[in-house]
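Protein chains in written order, with the working numbering: chain Z, 2 to 197; chain V, 2 to 197; chain D, 2 to 197; chain S, 2 to 197.
Here you go:
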């Protein structure tokens, strides 16, 4: 992430007061990103980039670990263990769809990951239906299913004007489409024993 | 299905007053099965058995068409069209999991099938989480997700004493485990515009 | 297969003096097909059509069993066992590509099937590169690889005028393209201990 | 790679006079590795580690780019383009098996990659049957098939005493098993227009 990107993140955080999750691509950029982000994301393509996992763990920040798009549950857990062995136990797992033979969806969202991983780990598990679906129209239904299956949270792509989004405009929700989903999450939170 | 099986189905229907869905494996057995069943099921392995599809359609009974475990949405629709071209429009689609690289679950339940197929067809879509999960403990969460994603119904394996089930005992729910799921379906039905 | 099809097969066999392999789709048509064919083929979509497997076995003719496009080696062997339990041991296995995420080829030809299945069974194993590739230009290289990996034979789609083929014209070789491949098979046969 | 590893590589090269290919895992280690290696390998898990691709390209050394175990041909080409855009055109592609539903083999060797990629790129393509098979007994047959399908070379795991190999002992060939395969490569080289 370039200097301009870091400034943007810092400004967004300061203007909104919201915590920020930012993806890191290399171990080297982590110290700089850690100054402006509240949580580091390791993306699907880097799930087995072990040097990155260790460096993210050593930052001391929470790490959001996306499942590799062809990773088994066991490989995903093994990657989480790389972060945890640095002493950093704040790992959040994120299911975001796996590669299958079906081509109408960008990836196949594997919601079974939530109950199965619950048996294998105490780490929180969230779901990203946007990257799995690849099409905004299918995101609300999948978000609802993710909460129903027991996910601890959602990661959803949204944009004030989705058509103008630089990245993945087809899967971005408008803020109007995002609002009811945010309501579902708030309603689900106390049931999970989380702050409302 | 042998004669003993047919008698069993007939007796179960008469004792309970409930409609019965029964799988058919060959075109030849359809006339006999049609006398005791209210709906014919075409199983996952037969989704592209075109002679069976046509014969099931010609029975005039509703046909429950399970998705092949490696079939795309488009292949599934093509199989439904084989039934519909007999003039029988009472086809119910059933998502039951697809084959992927993940081995902890028996199959990977593809809940995206519900919103995507909704755009492609008017046929009702139900979900079978039992065959997908292969493990009873994961079925309730997946059943809940299936309703949340918009499924028109559920197909769930249950048994008064699951351990003694002749077929797939690992994935069968007890009647006590089934009961709350039945309640969810009843609660969801009016929202879908179905009779409660 | 209709009556006209059966006559065509009978005429082709009589004119050429060559043995004929013909696909069967239902148990009912087997007695008629068995009168004109020397070997019955069970296609990929029917690999788990157990009634068809048994009926093909009971014909007493050799049965060419294509691997299901999503079948594991073990499932393929289980299907062969259905035929063999009729007392008919003349089963020929045919690898024809499996479904994967790659879309440039019609299927992914799995040549590892040959050495792995060799360890698991004594049945002969042939390879069909045409259905796997889906594109004629790639067939000769894959045919050569199939022989090199130890296949006992090849099944290749060819047509005197490929563009006019009714079925799968994109993957059919011309007779000129077929000729050298036939030569490779003849050259390989004595090495395998088969008649030259 | 630690300092001890680098010294070992340097010694092996000097003792044998053979050129050395070594895997690099991070951009940072490339300058050190480049002092002792003749070719840098980017492994399957790093095929989409774009920073590593660029840094490997900028080394000026040949780069052996293994296909990601779930990468399409087009994604593989896109990764090669990352290296080539540094001005370094010495990229060697290596097919090493893809992840499928079949579990008896470690991965499914996709030999169709050779003829298909030939149409899409001028880069040389080699094949690694060892990682695909995962079992030494199947490697010679797959190596032979790889040459027959047109591969420009092979990458094969071997060890003087395979049982004592630190890494993947199940798939390592002994030197006696390796020798005939080396002979096949030498025999094939002039046919491909390479130095014998």
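Think of the CB as a built atom: it goes at the ideal place given N, C-alpha and C, for glycine as much as any other residue. From a predicted model like this one, the values you see are computed outputs, not experimental measurements.
| Item | Value |
| --- | --- |
| Say whether the region 14 to 21 of chain D touches the region 179 to 189 of chain V, bearing in mind that this needs 3 or more beta-carbon pairs closer than 8 Å, one atom from each stretch. | no |
| I need the DSSP call for residue 3/D, collapsed to helix, strand or coil. | coil |
| Can you tell me whether residue 103/S is helix, strand or coil according to DSSP? | coil |
| Mind checking who residue 93/D pairs with in its DSSP beta bridge? | 65/D |
| Beta carbons nearer than 9 Å to chain S: which residues of the region 79 to 103 of chain D have them? | 98, 99, 100, 101, 102 and 103 |
| Secondary structure at residue 152/D, three-state DSSP: helix, strand or coil? | coil |
| Report yes if the C-beta distance between residue 103/S and residue 73/D is below 8 Å; otherwise report no. | yes |
| Kindly indicate which three-state DSSP category residue 73/D falls into: helix, strand or coil? | coil |
| Mind checking if residue 198/Z is an interface residue toward chain V, Cβ cutoff 8 Å exclusive? | This structure leaves residue 198/Z out entirely; chain Z is present only between 2 and 197. |
| Contact between the region 28 to 43 of chain Z and the region 59 to 69 of chain S is defined here as three or more beta-carbon pairs at a separation below 8 Å; is this criterion met? | no |
| Between which residues of its own chain and residue 177/D is the CB-CB distance below 8 Å, once the five residues before and five after are set aside? | none |
| May I have the straight-line CA-CA distance separating residue 146/Z from residue 99/V, to the nearest angstrom? | 18 Å |
| Taking just the CA atoms, how far does residue 114/Z sit from residue 34/D? | 48 Å |
| Within 10 angstroms of the Cβ of residue 95/Z, are there 16 or more other Cβ atoms? Answer buried if so, exposed if not. | buried |
| Enumerate in chain order the residues of its own chain whose CB-to-CB distance from residue 122/S is below 8 Å, with the five nearest sequence positions on each side excluded. | 78, 81 and 94 |
| Check for me: the alpha helix (DSSP H) holding residue 157/V runs from which residue to which? | Careful: residue 157/V lies outside any alpha helix (DSSP H) and carries neither H nor E. |
| Buried or exposed for residue 97/Z, please, with buried defined as at least 16 other CB atoms from any protein chain shown within 10 angstroms of its CB. | buried |
| With a threshold of 16 other CB atoms inside 10 Å of the CB of residue 167/V, please say whether the residue is buried or exposed. | exposed |
| What does residue 40/D pair with, by DSSP beta-bridge criteria? | 22/D |
| Considering only residues of the same chain and omitting the five flanking positions on each side of residue 7/V, which have a CB-CB separation below 8 Å? | 33, 34, 36 and 37 |
| Relative to the C-alpha of residue 159/V, which candidate in 48/V, 151/V, 45/V and 172/V has its C-alpha closest? | 172/V |
| With a threshold of 7 Å, establish whether the CB of residue 125/D neighbours any heavy atom of the ligand ADP. | The ligand ADP is absent from the structure shown, which contains no ligands of any kind. |
| Please compile the residues from chain V whose C-beta is within a distance smaller than 8 Å of the C-beta of residue 50/D. | 46, 47 and 50 |
| Which residues, in chain order, does the region 9 to 27 of chain S contribute to contact with chain Z at a C-beta distance below 7 Å? | 26 and 27 |
| Does residue 71/Z come within less than 8 Å of chain S when only Cβ atoms are used? | yes |
| Using a Cβ-Cβ cut-off of 8 Å (strictly less than) and excluding sequence neighbours within five positions of residue 189/V, which residues of its own chain qualify? | 148 |
| For a contact defined as C-beta to C-beta under 7 Å, what are the partners of residue 106/Z on chain V? | 113 and 117 |
| For residue 124/Z versus residue 83/Z, is the C-beta distance shorter than 8 Å? | no |
| Go to residue 179/V, then tell me how far its alpha helix (DSSP H) extends in each direction, as first and last residue. | 176 to 189 |
| Tell me the rounded alpha-carbon separation between residue 126/V and residue 185/Z. | 24 Å |
| Going straight from the alpha carbon of residue 128/D to that of residue 91/Z, what length do you get? | 51 Å |
| DSSP state of residue 27/S, grouped into three classes? | coil |
| Can you give me, in chain order, the residues of the region 54 to 69 of chain S that have a beta carbon less than 7 Å from any beta carbon in chain D? | none |
| Beta-carbon of residue 197/S versus every beta-carbon of chain D: anything under 8 Å? | Note that residue 197/S scores a pLDDT of 38, beneath 50, so its modelled location is shaky and nothing firm can be said. |
| Compare the C-alpha of residue 169/V against each of 161/V, 135/V and 151/V and name the closest. | 135/V |
| So for residue 136/Z, helix, strand or coil by DSSP? | coil |
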